[in-house]
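Here the sequence shown is numbered in this note's numbering, starting from 3 and rising by one per residue.
All C-beta atoms, glycine included, are put in the ideal place defined by N, C-alpha and C.
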Amino acid sequence: MAGIGFELKKLFQKKGVLNTAKAYGYATVICAGPMLLGILLLLGIMGLCSVFEVPVLTRELLVSMITYTLLCSVLVTAFFSMVVTRYVADMLFEDKKQAVLPAFWGSTVVMMCVGSVLWGIFLCFSGATFLQAILMFVLFNELIIVWNAMSFLTAIKDYKSIFVSFLTAVAVTVLVGVLLLYLHVSAVEGILCAVTMGYGVMVVWHVILLHRYFPHTDLGAFLFFRWIDEFLPLALSGLFMNVGMFSHLVILWFSEIGVQVHGLFYGAPWHDVPALLAFLTALMTTVNFVVSVEVNFYPKYRNHYSLYNDKGTIGDIKQSEKEMLDTLKTEVFYTALKQLLFTAVCIALGGYLLDMLPLGFNEVMRGYFRTLCVAYGLYAIGNMLMLILLYFTDYKGACLTTGIFAGATILFTLISMLFPSVFYGFGFLLASMLFVLVTAFRLDYFTKRLPYYILAAQPLVAEDRSGFFTRMGVFLEDHLEDSPRNELERSELDVEE
């Protein structure tokens with residue numbers, strides 16, 4: 003991510019409204035492209051269903067099927083995503099590009115195998131038809147590839163190609179969906195097919211980009227498993243963050259506003275649709291974190307740590323630390339302020355804009371939208387602070403704060419179900435508020451003791467952190483690849499403790 007901010011700075015140095023808009027567009031797609039695509043497609047599906055007068059029950063079934071597929075694929079990849087990103091960063095830092103592409107396919111295969119078994123079992127009992135189940139199964143695996151590919155594509159810096167792949171996927175989905183509905187193909191199967199084709203285009207495009215940039219080698223594909231043992235708190239942070247972000251939606255499917263759409267597909271349309279729209283407001287902080295915090299903070303951060311490596315004087319180190327933390331505070335403050343102002347604007351204008359959309363908003367849904375706009379705005383600020391903890395390699399702090407966020411979301415949402423349904427969004431709101439507070443406290447605690455964590459908190463002797471995942475990686479290498487070659491690879495790619 004630091005590399006993204008550093009490269010985007012070149013784009014922002016170009017003057018003109020179009021160049022600025024282009025830089026913001028690239029940052030948005032890179033940071034939230036696949037999830038943004040999923041939300042836009044869900045909203046587009048509702049619009050298409052309204053235009054072609056698709057029955058409400060069919061529309062709700064479509065939304066439920068795609069939502070289930072999106073959320074389940076995200077949860078499967080959540081545990082691996084941050085660790086894989088760290089592995090790629092380490093390999094690039096050590097100039098071992100040849101180890102990146104095998105790790106992509108190795109991690110993808112593992113996630114697809116685990117996810118396909120679990121998702122396949124669900125589909126067998128879900129009540130979906132055979133064709134619907136096949137389409138959802140294909141879409142699920144496409145999403146796993148897309149989520150995983152984005153962790154690797156951040157190293158390529160080919161923003162234009164990534165942006166074009168996003169737009170192409172949207173265009174293909176819309177065009178195919180309109181065509182199939184115009185030909186009177188069943189709405190469920192037709193739109194599922196269109197979404198599958200749209201994400202399929204993105205999968206092919208991303209794989210081509212990865213193979214074009216990284217060398218194709220026969221290195222072991224499962225060496226990254228050692229990084230899970232090495233950075234287990236990082237893996238858990240990714241899982242906890244996604245649980246905290248989406249669990250309130252799932253819980254409310256079984257509340258008094260929830261409905262059984264068909265078979266095992268449940269939903270709460272009055273809450274889900276406002277939540278999708280409110281989630282988009284969090285993109286303000288997501289994008290600003292990259293184009294503002296990273297662009298301005300990263301050079302100070304890099305300069306400070308380089309002084310430790312380049313034998314800087316104590317005076318220089320203290321001065322650079324002060325400059326770095328002052329810049330950090332300024333950027334965090336203005337980014338949070340932008341998010342709060344943007345949230346206020348969305349709440350003020352949301353009522354008028356929502357009435358223009360064919361989504362059937364009523365007063366209860368408007369109330370959920372206002373509450374969730376505030377909740378997702380606070381979540382975005384907390385997520386920004388957590389990412390800064392990762393900057394300073396405070397993986398335990400990130401794991402702790404995201405774990406509190408996940409637990410609080412589940413607990414407060416369950417408690418909110420004891421109150422009238424108009425208060426359902428407040429569970430996630432309280433959890434997001436707590437997330438901001440504990441993450442801000444942890445960041446303040448850590449940065450006040452930064453020299454200690456840089457110099458004195460490291461182990462005095464090398465620690466062997468190999469465990470279950472390391473053994474699993476070795477097992478997969480030994481049984482799926484040539485053993486003599488793997489021994490050489492493991493010795494070449496050993497990390498110096």
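Exercise for review: Specify, as a first and last residue, the run of the beta strand (DSSP E) that residue 267 falls within.
Suggested key: Following the DSSP letters along the chain, one finds residue 267 inside the beta strand (DSSP E) bounded by residues 267-269.
Check your understanding: What is the residue span of the alpha helix (DSSP H) that residue 208 lies within?
Key -> 189-215 is the span of the alpha helix (DSSP H), which, as asked, contains residue 208.
Practice item. Report the rounded CA-to-CA distance for residue 95 versus residue 104, giving the unit in angstroms. Key: Approximately 17 Å, taken between the alpha carbons.
Point to revise | Of the listed residues 170, 198 and 146, nearest to residue 135 (C-alpha basis) | key: Nearest of 170, 198 and 146 to residue 135, Cα basis: 198.
Check your understanding: Apart from the five residues just before and just after residue 129, which ones in its own chain have a Cβ nearer than 8 Å to its Cβ?
Key -> Excluding sequence neighbours, residue 129 sits near 264, 265, 266 and 267.
Point to revise | Host alpha helix (DSSP H) of residue 250 (start-end) | key: If you look at residue 250, you'll find it in the alpha helix (DSSP H) that goes 234-254.
Check your understanding: Whose C-beta lies closer than 6 Å to the C-beta of residue 372 among residues of the same chain, with five residues either side of it excluded?
Key -> The beta carbon of residue 372 lies closer than 6 Å to those of 349 in the same chain, with the five residues before and after it left out.
Practice item. Let me know if residue 228 comes out buried or exposed under the rule of 16 or more other beta-carbons within 10 Å of its beta-carbon. Key: It is buried - the Cβ of residue 228 has at least 16 other Cβ atoms within 10 Å.
Check your understanding: How would you call residue 477, buried or exposed, if buried means at least 16 neighbouring beta carbons within 10 angstroms?
Key -> By the Cβ neighbour-count rule, residue 477 is exposed, with fewer than 16 other Cβ atoms within 10 Å of its own.
**Study point:** Closest by C-alpha distance to residue 368, when choosing among 276, 257 and 447
**Key:** The shortest C-alpha separation from residue 368 is found at 276.
Review point. Should residue 270 be flagged as near chain D, meaning a C-beta pair shorter than 9 Å?
Key: Of the protein chains in this structure there is only one, and it is not chain D.
Exercise for review: Would you mind giving the Cβ-Cβ distance between residue 403 and residue 430, rounded to the nearest angstrom? I have them listed as a contact below 8 Å.
Suggested key: With a Cβ gap of about 16 Å, residue 403 and residue 430 do not count as contacting.
Review point. Looking only at DSSP bridge pairs, what is residue 100 linked to?
Key: The partner list for residue 100 (beta bridge, DSSP) is empty, contrary to what the question assumes.
Practice item. Since I believe residue 415 is in contact with residue 375 (beta carbons under 8 Å), could you give me their beta-carbon distance rounded to a whole number of angstroms? Key: For a cut-off of 8 Å, the C-beta gap from residue 375 to residue 415 is around 17 Å, too long to register as a contact.
Point to revise | Spatial distance of residue 148 from residue 336 (CA atoms) | key: Roughly 32 Å between the two C-alpha positions.
Review point. What's the C-alpha gap between residue 72 and residue 43?
Key: Straight across, the Cα-Cα distance linking residue 72 with residue 43 is about 11 Å.
Check your understanding: DSSP on residue 261, reduced to helix/strand/coil?
Key -> The DSSP-derived three-state label of residue 261 is strand.
Exercise for review: Would you decide whether residue 317 is buried or exposed? Buried here means 16 or more other CB atoms lie within 10 Å of its CB.
Suggested key: By the C-beta density criterion, residue 317 is exposed, having fewer than 16 other C-beta atoms within 10 angstroms.
Review point. Looking at residue 167 and residue 213, is the spacing between their C-beta atoms short of 9 Å?
Key: In this structure, residue 213 lies away from residue 167, with their beta-carbon atoms at least 9 Å apart.
Practice item. Look at residue 401 and residue 145 and say whether their C-beta atoms are less than 9 Å apart. Key: With a cutoff of 9 Å on beta-carbon distance, residue 401 and residue 145 are scored as not near each other.
Review point. Hey, residue 269 and residue 69: beta-carbon distance below 9 Å or not?
Key: Against a cut-off of 9 Å, the Cβ pair of residue 69 and residue 269 comes out as a contact.
Practice item. Given a cut-off of 9 Å, decide if residue 294 and residue 381 are closer than it, judged by their beta-carbon atoms. Key: It is not a contact, given that the beta carbons lie outside the stated cut-off.
Practice item. To the nearest angstrom, report how far apart residue 377 and residue 217 are at their CA atoms. Key: Computed Cα separation, rounded: 43 Å.
Point to revise | C-alpha gap between residue 302 and residue 379, whole angstroms | key: Residue 302 and residue 379: Cα-Cα distance of roughly 27 Å.
Check your understanding: Going by the beta-carbon positions, is the gap between residue 91 and residue 221 smaller than 9 Å?
Key -> Residue 91 is not a Cβ neighbour of residue 221, given a cutoff of 9 Å.
Practice item. Could you work out which residue in 352, 326 and 320 is closest to residue 298 when comparing CA atoms only? Key: Of all alpha-carbon atoms in 352, 326 and 320, the one lying nearest the alpha-carbon of residue 298 is that of 326.
Check your understanding: Does the stretch 177-188 come close enough to the stretch 47-58 to have 3 or more Cβ pairs within less than 8 Å?
Key -> Output reads yes: the stretch 47-58 touches the stretch 177-188.
Check your understanding: residue 504: which of 389, 422 and 224 sits nearest, CA to CA?
Key -> Given a span of 3 to 499 for the chain in the structure shown, any question on residue 504 remains unanswerable.
Exercise for review: Please list, in chain order, all residues of the same chain as residue 62 whose beta carbon is under 8 Å from its beta carbon, the five residues on each side excluded.
Suggested key: For residue 62, where only same-chain residues beyond five positions count, the Cβ hits under 8 Å are 261, 263, 269 and 271.
Check your understanding: Beta-carbon separation of residue 109 and residue 86 under 9 Å?
Key -> For the 9 Å CB-CB criterion, residue 109 and residue 86 form a contact.
Check your understanding: Could you give the C-beta distance for residue 254 and residue 84, rounded to a whole number, given that I count them as a contact under 8 Å?
Key -> About 27 Å separates the two Cβ atoms, so there is no contact after all.
Practice item. For residue 445, collect the residues of the same chain with a Cβ closer than 7 Å to its Cβ; drop the 5 residues on either side in sequence, then sort them by chain order. Key: Taking residue 445 as the centre and dropping the five residues before and after it, the same chain places the C-beta of 387, 390 and 391 closer than 7 Å to its C-beta, in chain order.
**Study point:** Opening and closing residue of the alpha helix (DSSP H) in which residue 446 lies
**Key:** For residue 446, the enclosing alpha helix (DSSP H) covers residues 428-450.
Check your understanding: Within this structure, are the beta carbons of residue 171 and residue 215 separated by less than 9 Å?
Key -> Cβ atoms of residue 171 and residue 215: not closer than 9 Å.
Practice item. Please report the Cβ distance between residue 138 and residue 125, rounded to the nearest whole angstrom; I am assuming they are in contact, meaning their Cβ atoms lie under 8 Å. Key: With a Cβ gap of about 6 Å, residue 138 and residue 125 count as contacting.
Review point. Considering residue 138, what are the terminal residues of the alpha helix (DSSP H) in which it resides?
Key: Bounds of the alpha helix (DSSP H) holding residue 138 are 132-155.
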